[in-house]
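Undergrad: What follows is a single structure, and I will ask about it in a moment.
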Amino acid sequence: MFKQKAIVLDPRDNVATALADLKAGETLRLGVGDKTLAIKLTARIPFGHKFSLNNIDSGSPVIKYGEAIGIATADIRAGDYVHVHNVASARGRGDSTGGAR
Amino acid sequence: MSFLGYPRRDGSVGTRNYIGILSTVSCANDVAWWISQGVKGCAPFLHGGGCCHTKPDIEIVTRTLVNLGWNPNLAGVLVVSLGCESISADSVVEGIAGSGKPVEKVVIQKMGGAAATLKQGSRLARDMVAEAAKLGREKFEDSALVLGVKCGASDTTSGLAANPAVGATCDLLIDNGGSCIFGETTEFMGAEHILARRAATSQVADKIIEIVARMEKRAVAMGFDMRGGQPTAGNIAGGLTTIEEKSLGAIAKGGTRPIQGVYEYGERHHGKGLFIVDTPGREPEFLTALAAAGVQVIVFTTGLGAPQGFPLVPVIKVTGNPNTYKQLSEHMDVFVELGSKAEPGIAQAGKSIYGEMLAVASGKPTKAETINYGNFPNIFTIGPVL
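Residue numbers (our numbering), protein chains in the order written: chain E, 19 to 119; chain A, 11 to 396.
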């Protein structure tokens, strides 16, 4: 249905969004700025969900739209599924000290 | 470009010509609903508030009802009161009368109960509908439009397709001299710095930061991670991981023009250009805030499929999710093809949504209007129910 199987919104991003249901083991070629990246998926990625473009260490920001969308809570490798199991929000965290900025 | 609308005495232009049946308090909802369903041409407004509030909330509910009464889509208003509620029905009536439109009141406890109030209220509503029916549509420039924008039941397609397309629609309307209002303060968290950079003045920038901090403080005070409440379980199933990701996609629907001001909940729009209204993101409360601000049309983007409209304002549903467009065709008005954010496709989609907005403003019914979906909005209050 779509020309591309996944999209990277900003050259600074370290995640891509799937535009189709993607299979584990599939290799995608993605345009990021002027470059083309080849990413081999380590897991199934459902339509609309995200995968990593490179290694993101635990504690590092996850970037989409060129902005931080959260903090990695585990070491994420290129091609990994990126979602609530390995990314935490930095906002609205009544459960942790720090609270409202 | 132009549309066909109804001229109002205060200089505004309606896209609909309803008699509003406004309940002042949850205890009067049933009678207001019966009147609205028995007289064709009425739009009900029912809600859960109006009594046992602290003073700030009494002010919010009163302001919201008055400004709903001012909405250009109403030719006249019937206020339905119980009689003993915390808010003053007379203040609501007086406030609406300032618009120059006819306004009447019925009080259940004074009229001898529901049956007598239904009879008297229906007679008043019928007379007002007959009077309003004398008015015809006239041609107006699109600069007379105030468009409300909203996203709901979002998934990742909202931020990739539907929201940027609606943002392009907003830019077009503002460039043509009209106004747009967006909001959902919760969904600015993580993106407020981008909005603040677009503020027309430093005061507006400070206000944007302030309303987000205020909303976040309320959420944090509960002592839990907000995730699950915002983003919702449905958002997460649709691929949105954090509120920051949701926000960065959500703000695209407001377009790219400077932000001229920030309204309080229930405040009436004044001025030209792009504005924010401070509200939570939930549909029943947010759509009410847009209607109270005076928008005559709402464009509402959705990923997973939010079905509701609003009783007195037509709501156009836009989705970028092809599965939702197919499966929920009963509810979806416009489909935006998913593609690259920078593609000319987004600008083209913005233009076609603009065309749909003008058609709906001129009387074309939306899907939500056709199936009469969206009769249960609410008013946002901040304090406890006492």
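For each residue, glycine too, the CB sits at the ideal point set by N, CA and C.
Determine the extent of the alpha helix (DSSP H) in which Ser46 of chain A is found, giving its start and end residues.
TA: Here the alpha helix (DSSP H) through Ser46 of chain A covers Asn39 to Gly48.
Undergrad: Can you check whether the CB of Met342 of chain A is closer than 8 Å to the CB of Lys374 of chain A?
TA: No, these two residues do not count as a Cβ contact at 8 Å.
Undergrad: For Gly112 of chain E, return the contacting residues in chain A, with the cut-off set at a CB-CB distance below 8 Å.
TA: The answer, in chain order, is Ala229, Val230, Ala231, Met232, Gly233, Phe234, Asp235 and Met236.
Undergrad: Please check the pair Ile219 of chain A and Ala206 of chain A, which I expect to be a contact at CB under 8 Å, by giving their CB distance rounded to whole angstroms.
TA: Yes, they are in contact, since the Cβ atoms of Ile219 of chain A and Ala206 of chain A sit about 6 Å apart, within 8 Å.
Undergrad: Run through DSSP, which three-state label would Phe61 of chain A get?
TA: Phe is not the amino acid found at residue 61 of chain A; the sequence shown has Cys there. Here Cys61 of chain A sits in coil by DSSP.
Undergrad: For Ile87 of chain E and chain A, any beta-carbon pair shorter than 8 Å?
TA: Yes - at least one Cβ of chain A is within 8 Å of the one on Ile87 of chain E.
Undergrad: Any beta carbon from chain E within less than 8 Å of Met138 of chain A's own beta carbon?
TA: Met138 of chain A does not count as touching chain E.
Undergrad: Excluding sequence positions up to five away, which residues of its chain have a Cβ less than 6 Å from the Cβ of Ala316 of chain A?
TA: The answer, listed in chain order, is Gly162 and Ala163.
Undergrad: From the beta carbon of Gly117 of chain E, is the nearest beta carbon of chain A less than 8 Å away?
TA: Because the pLDDT of Gly117 of chain E is 40, which lies under 50, any placement of that residue in the model is unreliable, and the question is left without a value.
Undergrad: Which chain E residues are close to Ile253 of chain A, counting only those with a beta carbon under 7 Å from its beta carbon?
TA: Those within 7 Å of Ile253 of chain A in chain E are Ser107, Arg109 and Gly110.
Undergrad: Comparing C-alpha positions only, which one of A:Thr166, A:Ala359, A:Gly146 and A:Thr242 sits nearest to Val64 of chain E?
TA: The residue asked about is misnamed: residue 64 of chain E is Pro in this sequence, not Val. Measuring from the Cα of Pro64 of chain E, the nearest candidate turns out to be A:Thr166.
Undergrad: From the DSSP secondary-structure annotation, give me the bridge partner or partners of Leu300 of chain A.
TA: DSSP lists no partner for Leu300 of chain A.
Undergrad: Please check if any C-beta of chain A sits within less than 8 Å of the C-beta of Gly97 of chain E.
TA: Answer no: the Cβ-Cβ gap between Gly97 of chain E and chain A never drops below 8 Å.
Undergrad: I'd like the span of the beta strand (DSSP E) that includes Cys94 of chain A, first residue to last.
TA: Segment: none, Cys94 of chain A is in no beta strand (DSSP E) and carries neither H nor E.
Undergrad: Taking Gln318 of chain A as the reference, give the member of A:Phe296, A:Pro332 and A:Gln306 with the closest Cα.
TA: Considering only alpha carbons, the answer is A:Phe296.
Undergrad: Identify every residue that forms a DSSP beta bridge with Val159 of chain A.
TA: Paired residues: A:Val309.
Undergrad: What does a CB cutoff of less than 8 Å around Ser189 of chain A pick up in its chain, not counting 5 residues either side in sequence?
TA: Only Leu155, Val156, Leu157, Leu183, His279, Gly281, Lys282, Gly283, Leu284 and Phe285 meet the Cβ criterion.
Undergrad: Applying a beta-carbon distance threshold of less than 7 Å, which residues of chain A neighbour Leu37 of chain E?
TA: Under the 7 Å cutoff, chain A gives Leu348.
Undergrad: Could you name the residues of the segment 41-70 of chain E whose beta carbon sits closer than 8 Å to any beta carbon of chain A, in the order they occur along the chain?
TA: The segment 41-70 of chain E vs chain A, Cβ under 8 Å: Pro64, Phe65, Gly66, His67 and Lys68.
Undergrad: Closer than 7 Å, Cβ to Cβ, to anything on chain E: give me those residues from the segment 242-270 of chain A, in chain order.
TA: Per Cβ criterion, the list reads Ile246, Gly248, Gly249, Thr251, Thr252, Ile253, Glu254, Glu255 and Leu258.
Undergrad: Considering Thr329 of chain A, what are the terminal residues of the beta strand (DSSP E) in which it resides?
TA: Counting along the chain, the beta strand (DSSP E) containing Thr329 of chain A begins and ends at Val325 to Thr329.
Undergrad: Residues in the same chain with beta-carbon distance under 8 Å from Val272 of chain A, minus the five sequence neighbours each way, listed in chain order, please.
TA: For Val272 of chain A, where only same-chain residues beyond five positions count, the Cβ hits under 8 Å are Val214, Lys217, Ile218, Ile221, Phe285, Ile286, Val287 and Asp288.
Undergrad: How many Å lie between Lys227 of chain A and Pro66 of chain A at the Cα?
TA: So the alpha carbons of these two residues sit roughly 18 Å apart.
Undergrad: Output the boundary residues of the beta strand (DSSP E) element that contains Gln270 of chain A.
TA: Its beta strand (DSSP E) spans residues Ile269 to Tyr273.
Undergrad: Find the residues of chain A that neighbour Lys23 of chain E, judging by a C-beta separation of less than 9 Å, and give them in chain order.
TA: Here the premise fails: no neighbours, minimum Cβ distance about 12 Å.
Undergrad: Answer yes or no: do Ile106 of chain A and Val71 of chain A have a C-beta to C-beta separation smaller than 8 Å?
TA: Not in contact: Ile106 of chain A and Val71 of chain A (Cβ atoms no closer than 8 Å).
Undergrad: Taking the continuous alpha helix (DSSP H) assigned at Tyr83 of chain E, which residues delimit it?
TA: Element bounds for Tyr83 of chain E: n/a, residue is neither H nor E.
Undergrad: Which residues bound the alpha helix (DSSP H) around Arg207 of chain A?
TA: Segment Glu202 to Arg207, the alpha helix (DSSP H) holding Arg207 of chain A.
Undergrad: Find the residues of chain E that neighbour Thr166 of chain A, judging by a C-beta separation of less than 9 Å, and give them in chain order.
TA: Near Thr166 of chain A (Cβ distances below 9 Å), the residues of chain E are Thr35, Ala36, Phe65, Gly66, His67 and Lys68.
Undergrad: On the CB-based measure, 16 or more other CB atoms within 10 Å of its CB, does Asp31 of chain E come out buried or exposed?
TA: Buried, because 16 or more other Cβ atoms sit within 10 Å of the Cβ of Asp31 of chain E.
Undergrad: Is there a Cβ from chain E that is less than 8 Å from the Cβ of Met342 of chain A?
TA: Judged by the 8 Å Cβ criterion, Met342 of chain A is not in contact with chain E.
Undergrad: May I have the straight-line CA-CA distance separating Leu128 of chain A from Phe150 of chain A, to the nearest angstrom?
TA: Taking the straight line from one Cα to the other gives about 37 Å.
Undergrad: Name the residue from A:Ser339, A:Ala301 and A:Val344 whose alpha carbon lies nearest to the alpha carbon of Thr25 of chain A.
TA: Comparing Cα positions, the closest option is A:Ala301.
Undergrad: Which one of A:Thr34, A:Met11 and A:Ile68 has the shortest CA to CA distance from Val395 of chain A?
TA: Considering only alpha carbons, the answer is A:Ile68.
Undergrad: For Ile356 of chain A and Pro82 of chain A, which I take to be in contact (beta-carbon distance under 8 Å), what is that distance rounded to the nearest angstrom?
TA: Not quite, the Cβ-Cβ distance comes to about 30 Å (not below 8 Å), so this is no contact.
Undergrad: Compare the Cα-Cα distances from Glu366 of chain A to each of A:Val344, A:Ala42 and A:Gly276 and report the closest residue.
TA: Of the listed residues, the one whose Cα sits closest to Glu366 of chain A is A:Val344.
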